[in-house]
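Residue numbers (my numbering): 14 to 308.
All residues carry an ideal CB built from backbone N, CA and C; glycine is no exception.
Everything numeric in this text was worked out from a predicted model, so none of it was measured.
Read the structure below first, then the notes.
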Amino acid sequence: MTIDKDNQTLPTERTQASAHNDGRRAFLSFTLASGFAMAVQPVMAGAITTDGTGLLTSTVAIPVSSGMLPAYQARPAEAKGLLPVVLVVQEVFGVHEHIQDLCRRLAKSGYLAIAPELYFRQGDPRAYKAIGDLVSKLVSRVPDQQVMADLDATLAWASANGGDSERAAVTGFCWGGRIVWLYADHNPRLKAGVAWYGKLAAERTENTPIQPVDVATRLKVPVLGLYGGEDASIPHDTIEAMRAALLNAPARSEIRVYPDAGHGFNADYRPSYNAPAATDGWARMLEWFTHHGVR
Numbered sequence: 014m015t016i017d018k019d020n021q022t023l024p025t026e027r028t029q030a031s032a033h034n035d036g037r038r039a040f041l042s043f044t045l046a047s048g049f050a051m052a053v054q055p056v057m058a059g060a061i062t063t064d065g066t067g068l069l070t071s072t073v074a075i076p077v078s079s080g081m082l083p084a085y086q087a088r089p090a091e092a093k094g095l096l097p098v099v100l101v102v103q104e105v106f107g108v109h110e111h112i113q114d115l116c117r118r119l120a121k122s123g124y125l126a127i128a129p130e131l132y133f134r135q136g137d138p139r140a141y142k143a144i145g146d147l148v149s150k151l152v153s154r155v156p157d158q159q160v161m162a163d164l165d166a167t168l169a170w171a172s173a174n175g176g177d178s179e180r181a182a183v184t185g186f187c188w189g190g191r192i193v194w195l196y197a198d199h200n201p202r203l204k205a206g207v208a209w210y211g212k213l214a215a216e217r218t219e220n221t222p223i224q225p226v227d228v229a230t231r232l233k234v235p236v237l238g239l240y241g242g243e244d245a246s247i248p249h250d251t252i253e254a255m256r257a258a259l260l261n262a263p264a265r266s267e268i269r270v271y272p273d274a275g276h277g278f279n280a281d282y283r284p285s286y287n288a289p290a291a292t293d294g295w296a297r298m299l300e301w302f303t304h305h306g307v308r
């Protein structure tokens, strides 16, 4: 698929359009509409909204082994040449309005930012009103191996549609923060990663057999971890264990802890939002990408 100047996704061949029609209709009706997941309602009045001025934004359908992977992408409208790519890995709530807004923020900084809906085979995260149900009935059914393959496909799509695969990075939030560490291990060609409050150690299951602390000593991609000192869901001892393990990794990674911040401190649409930590973390992320050659 390619992007036209009016923000629409167009097939490169008419035969492709015919073959993928049903899949595209299904994903467009299923997800990536504007708005926030039901499980986070009501949304805080001060939620940040980034407009699309100067950007090209669209939903795209990425062919994968078992269907069409939905994704939201944003990029500068007047870009010349290939763009640096940032894979944006969703929160536990999927690619809802907050994740789309983060893509637009990254695009304003000159990136092709793309967020694939990584639960699409298992169901629609927007349909769940309770976080507990969302996690137990949907998220727990998503295999890490599937996620790695879908991120590979997303990066390949971005590289074929105006992105530079040699200047690619990954960032992720909450559920996606954990995935950042794993994908940095999976794809050593990345320039950098930034993990926002992702779990570092948890129960190993059939779908999640490896945890970030297990791969820390072999990471060849520099990852910046951003964590909250008041985050009850990520014990401080696991952060320290990760820090110690990273000292033996081929790449120099870092972990920054904000003492007064809790989980989800960048989620400006929720009470967990901590503006000083979020602002500092975003600046550090952009600096990390620049320092490691993504831009």
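Task: 7 Å Cβ shell around residue 115 - same chain, five flanking residues per side excluded - done: 101
- [ ] Using 10 angstroms around the beta-carbon of residue 261, count the other beta-carbons present and answer buried if the total reaches 16, otherwise exposed.
- [x] Residue 261 should be labelled exposed.
Task: Per-residue burial, residue 130 [other beta carbons within 10 Å of its own, 16 or more giving buried] - done: When all chains shown are included, residue 130 counts as buried.
TODO: To the nearest angstrom, report how far apart residue 256 and residue 106 are at their CA atoms.
DONE: 28 Å
Task: Beta-carbon proximity list for residue 57, same chain, < 8 Å, skipping 5 on both sides - done: 281, 282, 283, 284 and 286
- [ ] Could you round the C-beta distance between residue 234 and residue 206 to whole angstroms and report it? I think they count as a contact, below 8 Å.
- [x] With a beta-carbon spacing of about 6 Å, residue 234 and residue 206 fall inside the 8 Å limit used to define contacts.
TODO: Select from 226, 74, 265 and 192 the residue whose C-alpha is nearest the C-alpha of residue 4.
DONE: What the structure shows of the chain is the stretch from 14 to 308, and residue 4 is not part of that stretch, so it cannot be assessed.
Open item on the list: Quick check: the segment 57 to 71 against the segment 136 to 147, are at least 3 beta-carbon pairs closer than 8 Å?
Closed with: Because the criterion of three Cβ pairs below 8 Å is not met, the segment 136 to 147 and the segment 57 to 71 do not touch.
Task: Helix, strand or coil at residue 224 [DSSP, three-state] - done: coil
TODO: Taking only the alpha-carbon atoms, compute the straight-line gap between residue 99 and residue 298 and give it to the nearest angstrom.
DONE: 11 Å
Task: With 16 other Cβ atoms within 10 Å as the buried cut-off, status of residue 83 - done: buried
Open item on the list: Just to confirm, is the Cβ distance from residue 220 to residue 155 under 8 Å?
Closed with: yes
TODO: Could you pull out every residue in the same chain whose Cβ sits closer than 7 Å to the Cβ of residue 252, ignoring the five residues on either side in sequence?
DONE: 213, 240, 268 and 270
Open item on the list: My output table needs one value for residue 110: the three-state DSSP class, helix, strand or coil.
Closed with: helix
Task: Segment limits, beta strand (DSSP E) that includes residue 177 - done: 176 to 186
TODO: Measure the CB-CB distance between residue 124 and residue 96 and report whether it falls below 8 Å.
DONE: yes
Task: Secondary structure, alpha helix (DSSP H): runs of 4+ residues fully inside the segment 199 to 276 - done: 225 to 228 and 249 to 259
Open item on the list: Assuming residue 86 and residue 71 are in contact, meaning their beta carbons sit under 8 Å apart, how far apart are those beta carbons, in whole angstroms?
Closed with: Beta-carbon to beta-carbon, residue 86 and residue 71 are separated by about 6 Å, close enough to satisfy the 8 Å threshold.
- [ ] Along the beta strand (DSSP E) that carries residue 171, what are the first and last residues, could you check?
- [x] Note, residue 171: premise wrong, no beta strand (DSSP E); alpha helix (DSSP H) at 157 to 173.
Task: Contacts around residue 163, its chain only, beta-carbon distance under 7 Å, and the 5 residues preceding and following it disregarded - done: 77, 82, 129 and 131
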